[in-house]
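Protein chains in written order, with the numbering used here: chain S, 332 to 670; chain U, 2 to 112.
Every residue, glycine too, gets a C-beta built ideally from N, C-alpha and C.
Encoded as structure tokens, the structure appears first; notes follow it.
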Amino acid sequence: MGKSVIIIGGGIAGMEAAARIAAMGKEVILLEKSDQLGGHLRKWDRLFPTRRKSDEVFEYLSNGLNDKVTIRLNIKINKIKKDDRHFFVILEDGESLKSDALLLTTGYDLFEAGKKEEYGYGIYDNVITSADLEAMFRNSAEIKTSGNQKPRRVGFVHCVGSRDEKAGHLYCSKVCCVTGVKQAIEIKEKQPDTEIFCFYMDLRMFDRYFEDLYYEAQQKWGIQFIRGRLSESCENPDHSILVKVEDTLTGRPLKMTVDLLVLLSGFVPSSDTNKLADMLGLLPGSDGFLTPVDEHFRTNETQVDGLFLAGTVKGPATIENTITDARSAAISIIKYLEK
Amino acid sequence: MKQFGYSINPDRQIDYDLTDKSLLSFIVSFEPSLLSCISCGTCTATCTAGHFTDFNIRRVHTLLRRGEITTLKKEIQKCMLCGKCQLACPAGVNLRNLIRSIHVAVEKFNV
Ligand code: SF4
Ligand code: SF4
Ligand code: SF4
Chain S
332 MGKSVIIIGG GIAGMEAAAR IAAMGKEVIL LEKSDQLGGH LRKWDRLFPT
382 RRKSDEVFEY LSNGLNDKVT IRLNIKINKI KKDDRHFFVI LEDGESLKSD
432 ALLLTTGYDL FEAGKKEEYG YGIYDNVITS ADLEAMFRNS AEIKTSGNQK
482 PRRVGFVHCV GSRDEKAGHL YCSKVCCVTG VKQAIEIKEK QPDTEIFCFY
532 MDLRMFDRYF EDLYYEAQQK WGIQFIRGRL SESCENPDHS ILVKVEDTLT
582 GRPLKMTVDL LVLLSGFVPS SDTNKLADML GLLPGSDGFL TPVDEHFRTN
632 ETQVDGLFLA GTVKGPATIE NTITDARSAA ISIIKYLEK
Chain U
2 MKQFGYSINP DRQIDYDLTD KSLLSFIVSF EPSLLSCISC GTCTATCTAG
52 HFTDFNIRRV HTLLRRGEIT TLKKEIQKCM LCGKCQLACP AGVNLRNLIR
102 SIHVAVEKFN V
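Take a look at the structure:
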């Protein structure tokens, strides 16, 4: 019998790792809890910074899945056991799947924006999340307020649920800054008369071409950046939103009305990751995400022999970095199987 | 009657819905590079006038962008157009021309 690998989580990392491991001749079982592969990728319209359609990336990832990959959708895992050589993944209906190595690619959840009650998500109709806005782009819909009007002014709130001790997440989610800037540009392209303001603490445009996007947002589209964390928002009688912030660069409190307020929700460790980590005895890092044995040299291995990690299960990451990390995990797993 | 020391403070808050942005649009049409400002403060740090007075060129043009123009005319007099700030600006803001445009604008709009 050839060696086999079970991958838990059919998002970007799971799909790419499955493709690479299968391409090197090993059997892969790819387990996914929902009824489709692709994870969060399927909710995006266009990706930053290239503005490529997310569907193209999904197609690329799907094409990698050859006949060595068995895809199992709608899977619920009951238990995971391990003896000295094999993993046994026991499903809810009692079926037991066996493999020589196990890869966790269970990703992240979006921070529940309603937890920041003072921003009014779920309370005021015109407060939405970046994911809600992306869904509008994906449906090629016009951007409209709850009252079915084109918004004259849109605000973006950075760091929602990130860099926030009150939300229990001190870390930076890395990609929300660039997501906000991308989405702000996209609103301007669709509806150029819209005024757009981003309320930020720091703009973390860390990756290649991100700064160019920021420059384009300012110079070409006149998108304005106001440094200060939103303290609160409230609803006006006409359902527009009044936001309050310190304009820290002038040292003055500032208020303004926006017709639509977009919250850039951050990453949190996925609830499934937490459950599986418990079953496997993995200890998360101080931020709650899982941690490899060594952050420089053994970036996909865990304390458990034969158990590997890839993608955003280890913390916020871009799609490019997730794909690269999945390839790296595939190499480590092949090396382990051939030992 | 006893006089208590009560008084009403003017609101320090910038009410963006009410501030006047016509001056800003006029200035940006002359000097669009203002839009590229990344608020780094290099201009203020290098400004000779700012070393000897409370003149803060970065704050002046940030307030302008919020439509806060009440002190603009008085503030901008403190600049001697030496151009040091522009040499240092990492975002390519043409500060000298910006300041000249502000001079023109405050006269035109009579602020
Ligand atoms: S990427 Fe930007 S918005 Fe997201 S948490 Fe970091 S600083 Fe905040
Ligand atoms: S041009 Fe004006 S603002 Fe710039 S450095 Fe000289 S005095 Fe300061
Ligand atoms: S040096 Fe340039 S970028 Fe920096 S604050 Fe001044 S004008 Fe803005």
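Query: 8 angstroms Cβ cutoff, aspartate 18 of chain U in contact with chain S; Result: yes
Query: CB contact below 8 angstroms: arginine 305 of chain S versus chain U; Result: Here chain S covers residues 332 to 670 and nothing more, so residue 305 of chain S does not appear.
Query: Nearest to glutamine 78 of chain U (by Cα), restricted to the options U/Gln87, U/Gln4 and U/Ile100; Result: U/Ile100
Query: Min CB distance proline 380 of chain S to chain U below 8 angstroms; Result: no
Query: 8 angstroms contact criterion, which leucine 87 of chain U and leucine 73 of chain U should meet: CB distance rounded; Result: In the sequence as presented, leucine is not what sits at residue 87 of chain U; that position holds glutamine. Contact flag wrong, Cβ pair sits at about 19 angstroms.
Query: Closer than 7 angstroms: glycine 597 of chain S CB and nearest ligand 1 heavy atom; Result: yes
Query: Nonlocal neighbours in the same chain, by C-beta distance under 8 angstroms from isoleucine 28 of chain U, ignoring five residues either side; Result: Leu35, Leu65, Leu99, Ser102, Ile103 and Ala106
Query: Reduced DSSP secondary structure (H/G/I, E/B, other) of valine 589 of chain S; Result: strand
Query: Cα-Cα separation, lysine 447 of chain S to lysine 3 of chain U; Result: 47 angstroms
Query: Proline 600 of chain S (DSSP reduced to helix, strand or coil); Result: strand
Query: Inter-residue Cα distance where the pair is leucine 392 of chain S and proline 584 of chain S; Result: 48 angstroms
Query: Neighbourhood of serine 659 of chain S by C-beta distance below 8 angstroms, restricted to the same chain and skipping five residues each side; Result: Thr630, Asn631 and Ala641
Query: Chain U residues whose Cβ lies nearer than 8 angstroms to that of proline 615 of chain S; Result: The premise fails here: proline 615 of chain S is roughly 36 angstroms from chain U at the closest Cβ pair, so nothing lies under 8 angstroms.
Query: heavy atom of ligand 2 below 7 angstroms from threonine 47 of chain U C-beta; Result: yes
Query: Interface positions of the segment 27–39 of chain U facing chain S (Cβ-Cβ less than 9 angstroms), listed along the chain; Result: Val29, Pro33, Ser34, Leu36, Ser37, Cys38 and Ile39
Query: Test: glutamine 14 of chain U CB closer than 8 angstroms to a CB of chain S; Result: yes
Query: Under the three-state DSSP convention, the category asparagine 605 of chain S falls into; Result: helix
Query: Ligand 2 heavy atom lying under 7 angstroms from the CB of isoleucine 58 of chain U; Result: yes
Query: Neighbourhood of leucine 362 of chain S by C-beta, 6 angstroms cutoff - its chain only, sequence neighbours within 5 removed; Result: Ile339, Arg403 and Ile406
Query: Cutoff 6 angstroms; reference leucine 591 of chain S; Cβ partners in own chain excluding five residues on either side; Result: Asn457, Thr476, Pro482 and Val485
Query: Residue burial classification, phenylalanine 5 of chain U (beta-carbon count within 10 angstroms, cutoff 16); Result: exposed
Query: Residues of its chain near threonine 604 of chain S, where Cβ-Cβ distance is below 6 angstroms and the 5 sequence neighbours each way are ignored; Result: Thr437 and Val644
Query: Within-8 angstroms CB hit, leucine 96 of chain U to chain S; Result: no
Query: Below-8 angstroms beta-carbon distance, glutamate 369 of chain S vs any chain U residue; Result: Sequence check: residue 369 of chain S is glycine here, not glutamate. Not one chain U Cβ lies under 8 angstroms of glycine 369 of chain S.
Query: Minimum Cβ-Cβ distance from leucine 24 of chain U to chain S less than 8 angstroms; Result: no
Query: Integer Cβ distance of valine 400 of chain S from isoleucine 408 of chain S, believed to fall under 8 angstroms; Result: With a Cβ gap of about 18 angstroms, valine 400 of chain S and isoleucine 408 of chain S do not count as contacting.
Query: Check whether serine 461 of chain S and glycine 511 of chain S have beta carbons under 8 angstroms apart; Result: yes
Query: Straight-line Cα distance separating leucine 534 of chain S from tyrosine 502 of chain S; Result: 14 angstroms
Query: Closer than 7 angstroms: glycine 84 of chain U CB and nearest ligand 2 heavy atom; Result: yes
Query: Given 8 angstroms, three or more beta-carbon pairs between the segment 572–588 of chain S and the segment 542–554 of chain S; Result: no
Query: Three-state class that DSSP yields for asparagine 470 of chain S in the structure shown; Result: coil
Query: Sub-8 angstroms separation of phenylalanine 487 of chain S and leucine 595 of chain S beta-carbons; Result: yes
Query: DSSP state of lysine 481 of chain S mapped onto helix, strand, coil; Result: coil
Query: Below-8 angstroms beta-carbon distance, tyrosine 531 of chain S vs any chain U residue; Result: no
Query: Chain-ordered neighbours of aspartate 578 of chain S on chain U, where CB pairs are closer than 7 angstroms; Result: Ile15 and Arg67
Query: Contacting residues, own chain, Cβ-Cβ under 6 angstroms from leucine 24 of chain U (five flanking each side not counted); Result: Ile70, Ala106 and Phe110
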